[in-house]
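Colleague: Protein chains in written order, with my numbering: chain A, 482 to 733; chain B, 482 to 733; chain C, 44 to 344; chain D, 44 to 344. Here a beta-carbon is modelled for each residue, glycine too, at the ideal position from N, C-alpha and C.
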Ligand SMILES: Cc1cc2nc3c(=O)[nH]c(=O)nc-3n(C[C@H](O)[C@H](O)[C@H](O)COP(=O)(O)OP(=O)(O)OC[C@H]3O[C@@H](n4cnc5c(N)ncnc54)[C@H](O)[C@@H]3O)c2cc1C
Ligand SMILES: Cc1cc2nc3c(=O)[nH]c(=O)nc-3n(C[C@H](O)[C@H](O)[C@H](O)COP(=O)(O)OP(=O)(O)OC[C@H]3O[C@@H](n4cnc5c(N)ncnc54)[C@H](O)[C@@H]3O)c2cc1C
Ligand SMILES: Cc1cc2nc3c(=O)[nH]c(=O)nc-3n(C[C@H](O)[C@H](O)[C@H](O)COP(=O)(O)O)c2cc1C
Ligand SMILES: Cc1cc2nc3c(=O)[nH]c(=O)nc-3n(C[C@H](O)[C@H](O)[C@H](O)COP(=O)(O)O)c2cc1C
Ligand code: FES
Ligand code: FES
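Here's what the structure looks like:
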């Protein structure tokens, strides 16, 4: 079910220098991988458009968003506090596939946002969540137990966690026990690299894409992406796409 | 001296339902009756223009503004808190005349804002400050001692202070001991009524006018007012004008 | 109905419409609002043949607005009748098909083809596209061309014909008069202003097509002025568009004389905006005991 | 000087100018900035005779912008030379006099009169005013008129002559080409877009003159597009104006090819903005080891 509501913020939390979490009231339950459009309701028309933000977590009517400050909109969201309200339109987009065997989530930076809830909801017998960050101050710590998942992270400079990239980490893992489903979100270079190193193993891979969005509901055609051989609306046909559709040149 | 600075807010205070006070750092000392242009510096262009606000008080580099929420700009100012910064351009405009004999300040509603500092700074032997408000919840209490002034207020509905208008109050006063200078700020209807009832007494009267302003410094010509027989810029030639210039048909 | 207005032979239950390209083809909004609550909606720009539109990026935010260069992507007339229209055919709201073409012949073919449908309540001709055959200037910037195209479409249909005008002209009234003279039932304005934005780090245009159409609150003062001007200049209804993001904005356009309004990019901020405006209008008129006819054009001059 | 640019025979120490009507006559800003820090400023619109301008209200805020209908109030050419100019004559910054008139004869008279002053570094002709003699359309909306007026002024002066163009036209490039053809040293654009705003409670226009000129960040995308278009169309320098409120905005105009920029209503928000932009430009070029000539027009196409 999709709705547009004025939603009350019940809590905010600083996660690291650039990242924060907002908890707000939203009754319906999302599907893993879905997102919402969020906008301020302070009667100022600059900035003008709502911003797409993934479901980070949801439980009992409490929706959590994990947001990284990258520009004006997200900076303004970071200034919100409990008691404030925002407009939330959602849930939007398709959702991640699942497996009851083994699954591996691969997140780069803020790309981990949509993966946590997916991990928590996954029925897979074995769940592994690999995360990559540039450096210690960018690390986002997730509650391992809640996700019922094995969490591991790497930093590019080795200042925390495993030294290396999340792709290196995945590579090691694949050599031991390859999962039968990989789900990624992060920079597109990372997605492609994941698909490449996984290609010998015949694993299904799905990526969560981004695009600039105005409406989020398939009405403006602004978020269109030209995938090889087909054109999609990221907000409606996605944000989750089969790796084969995004990088068909890299076999899965 | 006039400057444009990013000024830090050191304190805010709720005065009544619609009115609040902001204290900010501004080194220079103003002249009574002057104002500043205040704007948000949050990198959002809506609302676009700065807002003219009178000096309510100033001491040792601490500038106080008394502001009434009437629209978007003032509403946004009311959400500021200590630690935030705003752009302040000032001091602007001319200043109130003074007398060493007796002076009466007449303020209607938020019109009292520029009068308090003027009262405090006045060298008059006798200072009386009359204020009028619609009702109890709109009353703004000033610190009598700081102003070294006799403060009296009326409410239209008699819910607090004297029952009646500030003009009624002045009328009673004039019958006892007329001052030799009257300074007003408030609705123009009030200004005119003050001038009318004072006309038998041969008192100098000055009013502080308002106008929509874009620049506040005489550059945009937006604040022009057509006074009988002459055209003025409220920001530069005013905001304080001799009653004779504004309502020449009402003799002082 | 107390809020009903007429556009030619078409009665709208209220003057709240949604603007082409900002409301999908209606069904995208079914989760957020009751389509029956609004006067009608304008379809995505439709051409005879399917069209892929422009490469991405296609949108960028600007101060109090946005630029788009969607490029009129659409599935073509056949798919519209067979697949799109059925999804909204049961709603009690006017369906106005926004049509565009790159030549007069194409316009004629398109209207003729669409005439087979009973569910189409009217046409809105978008004349802002470049006239490819004749040097690329927009159709809508030459009054003679506006008249010719209007006449051509008029000959094909008895349904309400609305001519949508571009603001990127010296005098929009000339275009409105030309449309009226050639038999248009109404004019709607404004379409987007042309603008651009750049990525100063990369020193390139943000939009793949370099320029786009500016919409949103930023353009409202321009739209309101052009609507008012046009209301003075023609006798047919004028539909006001541009920067409507609140019921107050709706009022402004009606007060200067628009018979109806279209909500455009405001739908992106709040997909229930159109319904909310329709509801507020009803309440507003009731509270003031004012009729919609009294409200429209009530500006003092 | 590393930031110097040329407008005809005039060298500006940097490309930061301030726009007519938004910077008073310079002296109003002396408390807030050092006039020597900027390339120059454009005077308030000057006419031969003093002019009272329009009744108030004259300004109203809009989304990310404002409307003004000042009506070109000014004290006339004589007072300008005798009283205004002396107040800024000691500053090392270019004084560009923005001139307007209601007929060609008036323009000629005005330039001829101003030529007696040595302190005037150039003229900027505002062609957005209505051509009273010929039906009231703006001078600047007819290329032939633009050419005629430019030529007339050109005959009177060897000083840099800048033609200021209105955006309220179908194709601003036609006007720019006409100005160039008639001997202009540069064109500046954009002037304000025409717009309006109403008081919906009182059902009347907010501005006493009903309509006004829209300026501010709202119009920047339109300005940037027109400036870029014009840069492609003419060989003389183009001066970019419209919605500049930060150094980043300055960069955008230079990158699309403007030789200089004018800061307009941005001066109202921060009366030290022009100086800050001039300073930032210097730092920016130094840090990147880039010349101003490399920066100007560096957009990839
Ligand atoms: C489906 C989806 C889910 C997302 N989920 C999250 C999330 O859970 N947490 C999170 O922090 N971020 C998420 N994002 C990214 C987030 O939407 C952008 O970071 C945000 O819109 C930037 O807004 P801004 O005003 O801060 O930046 P702006 O000032 O608008 O731009 C800053 C930079 O961000 C880029 N950008 C702007 N808008 C978008 C956009 N809509 N999508 C991608 N990049 C953009 C710009 O190109 C620019 O480089 C998601 C994006 C999508 C499409
Ligand atoms: C010299 C001067 C000194 C002032 N001193 C004070 C003061 O000390 N405290 C205080 O609370 N207010 C003061 N004001 C009034 C204050 O500037 C306006 O209330 C404020 O600008 C309104 O902004 P807004 O965004 O809240 O309202 P808007 O949303 O902009 O408008 C709301 C209403 O206020 C009116 N308004 C808007 N701008 C102005 C303006 N510049 N002047 C007058 N009316 C306006 C509008 O017409 C409208 O009816 C002063 C005004 C002037 C000219
Ligand atoms: C994303 C987008 C797509 C649009 N597509 C069309 C279109 O296909 N046909 C058309 O006539 N107008 C189109 N428009 C213009 C709008 O219908 C409307 O005229 C314009 O956006 C101004 O209104 P607004 O400020 O309320 O958005 C489009 C506008 C936007 C923002
Ligand atoms: C209050 C005001 C007065 C103006 N007066 C003039 C004028 O006298 N002559 C002129 O050519 N332009 C005038 N303009 C237009 C500006 O010079 C400038 O072209 C326009 O404001 C766009 O720039 P901006 O968005 O940076 O303000 C005026 C603009 C404003 C806001
Ligand atoms: S964001 Fe509007 S269609 Fe996808
Ligand atoms: S406010 Fe600009 S001249 Fe007075």
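Per DSSP, which residues does residue 194 of chain D bridge with? Please list them.
Modeller: Looking at the DSSP assignment, residue 194 of chain D forms no beta bridge with any residue, so it has no partner.
Colleague: Alpha carbons only, please: which of A:532, A:576, A:653 is nearest the one belonging to residue 546 of chain A?
Modeller: Closest by alpha carbon: A:532.
Colleague: Keeping to the same chain, check which residues put their C-beta closer than 7 angstroms to that of residue 522 of chain B; ignore five residues upstream and five downstream.
Modeller: Cβ within range, chain order: 487, 566, 567, 568.
Colleague: Using 7 angstroms as the limit for Cβ to Cβ distance, is residue 629 of chain B near chain C?
Modeller: Not one chain C Cβ lies under 7 angstroms of residue 629 of chain B.
Colleague: Taking the DSSP output, what are the residues bridged to residue 141 of chain C?
Modeller: The partner list for residue 141 of chain C (beta bridge, DSSP) reads C:167.
Colleague: Per DSSP, what kind of secondary structure is residue 326 of chain D in: helix, strand or coil?
Modeller: Reduced to three states, the DSSP call for residue 326 of chain D is helix.
Colleague: Is it the case that the CB of residue 714 of chain A approaches a heavy atom of ligand 6 more closely than 6 angstroms?
Modeller: Result no, Cβ not under 6 angstroms from ligand 6.
Colleague: In this structure, what does DSSP give as the bridge partners for residue 162 of chain D?
Modeller: Answer is none; residue 162 of chain D lacks a bridge partner.
Colleague: Taking 6 angstroms as the cut-off, does the CB of residue 702 of chain A come closer than this to any heavy atom belonging to ligand 5?
Modeller: Yes, ligand 5 has a heavy atom inside 6 angstroms of this Cβ.
Colleague: For ligand 2, I want to know if residue 720 of chain B counts as a neighbour, meaning its beta carbon is within less than 6 angstroms of at least one of the ligand's heavy atoms.
Modeller: The answer is yes for residue 720 of chain B.
Colleague: For a contact defined as C-beta to C-beta under 8 angstroms, what are the partners of residue 106 of chain C on chain B?
Modeller: Result: 526, 527.
Colleague: Output yes if chain D places a C-beta closer than 7 angstroms to the C-beta of residue 184 of chain C; else output no.
Modeller: Yes, because at least one Cβ of chain D sits closer than 7 angstroms to the Cβ of residue 184 of chain C.
Colleague: How many Å lie between residue 263 of chain C and residue 582 of chain B at the Cα?
Modeller: Their backbone Cα atoms lie some 55 angstroms apart in a straight line.
Colleague: Near residue 706 of chain B, what residues of its chain come up, given a Cβ to Cβ distance below 6 angstroms and the 5 sequence neighbours on each side ignored?
Modeller: Answer for residue 706 of chain B: 692, 713, 715, listed in chain order.
Colleague: Is there at least one Cβ from chain A nearer than 7 angstroms to residue 30 of chain C's Cβ?
Modeller: The requested residue 30 of chain C is not part of the displayed model; chain C covers only 44 to 344.
Colleague: Which of the three DSSP states is assigned to residue 334 of chain D in this structure?
Modeller: In the structure shown, residue 334 of chain D sits in coil (DSSP, three-state: anything other than H, G, I, E or B).
Colleague: For residue 518 of chain B, verify whether its CB is less than 6 angstroms away from any heavy atom of ligand 6.
Modeller: Every heavy atom of ligand 6 is 6 angstroms or more from the Cβ of residue 518 of chain B, so no.
Colleague: Residues of chain B with CB under 9 angstroms from residue 75 of chain D, in chain order?
Modeller: The answer, in chain order, is 483, 484, 485, 570, 698.
Colleague: Which of the three DSSP states is assigned to residue 503 of chain B in this structure?
Modeller: Residue 503 of chain B falls in the strand class under three-state DSSP.
Colleague: Excluding sequence positions up to five away, which residues of its chain have a Cβ less than 6 angstroms from the Cβ of residue 184 of chain D?
Modeller: Correct list, in chain order: 212.
Colleague: Do you know how far the Cα of residue 339 of chain D is from the Cα of residue 530 of chain A?
Modeller: Cα-Cα distance, rounded: 31 angstroms.
Colleague: DSSP has residue 580 of chain B in a bridge; who is on the other side?
Modeller: The partner list for residue 580 of chain B (beta bridge, DSSP) is empty, contrary to what the question assumes.
Colleague: Hey, would you say the C-beta of residue 699 of chain B is under 6 angstroms away from at least one heavy atom of ligand 6?
Modeller: Yes, the beta carbon of residue 699 of chain B sits closer than 6 angstroms to at least one heavy atom of ligand 6.
Colleague: Could you tell me whether the Cβ of residue 711 of chain B comes closer than 7 angstroms to any Cβ of chain D?
Modeller: Residue 711 of chain B does not count as touching chain D.
Colleague: Kindly examine ligand 1 and report whether one of its heavy atoms sits closer than 6 angstroms to the Cβ of residue 61 of chain C.
Modeller: Not under cutoff, so the answer is no.
Colleague: Is residue 220 of chain D close to chain C, meaning its C-beta is less than 7 angstroms from at least one C-beta of that chain?
Modeller: Closer than 7 angstroms: no.
Colleague: Around the C-beta of residue 122 of chain C, are 16 or more other C-beta atoms found within 10 angstroms, so that it is buried, or is it exposed?
Modeller: The residue is exposed, with fewer than 16 neighbouring Cβ atoms inside 10 Å.
Colleague: Are the beta-carbon atoms belonging to residue 610 of chain A and residue 636 of chain A less than 7 angstroms from one another?
Modeller: The answer is no: Cβ separation not under 7 angstroms.
Colleague: Going by the CB atoms, is the gap between residue 287 of chain D and residue 293 of chain D shorter than 7 angstroms?
Modeller: Yes.
Colleague: Comparing alpha-carbon positions, which option in A:708, A:622, A:573 lies nearest residue 501 of chain A?
Modeller: Among A:708, A:622, A:573, the Cα nearest to that of residue 501 of chain A is on A:622.
Colleague: Does DSSP put residue 68 of chain C in a helix, a strand or coil?
Modeller: Three-state result, residue 68 of chain C: coil.
Colleague: Answer yes or no: the CB of residue 80 of chain C versus the heavy atoms of ligand 2, is any distance below 6 angstroms?
Modeller: No - ligand 2 has no heavy atom lying nearer than 6 angstroms to the Cβ of residue 80 of chain C.
Colleague: Got a sec: which bits of the region 552-563 of chain B sit with their beta carbon under 7 angstroms from any beta carbon on chain A, in order along the chain?
Modeller: From the region 552-563 of chain B, only 553 have a Cβ closer than 7 angstroms to chain A.
Colleague: Return no unless some Cβ of chain B is closer than 7 angstroms to the Cβ of residue 101 of chain D.
Modeller: At least one chain B Cβ lies under 7 angstroms of residue 101 of chain D.
Colleague: If you reduce the DSSP assignment to three classes, tell me which class residue 184 of chain C lands in.
Modeller: Residue state, collapsed to three classes: helix.
Colleague: Suppose the cutoff is 6 angstroms on Cβ atoms and the five residues either side in sequence are ignored; what does the same chain contact list for residue 171 of chain D look like?
Modeller: Result list for residue 171 of chain D: 181, 183, 209, 234, in chain order.
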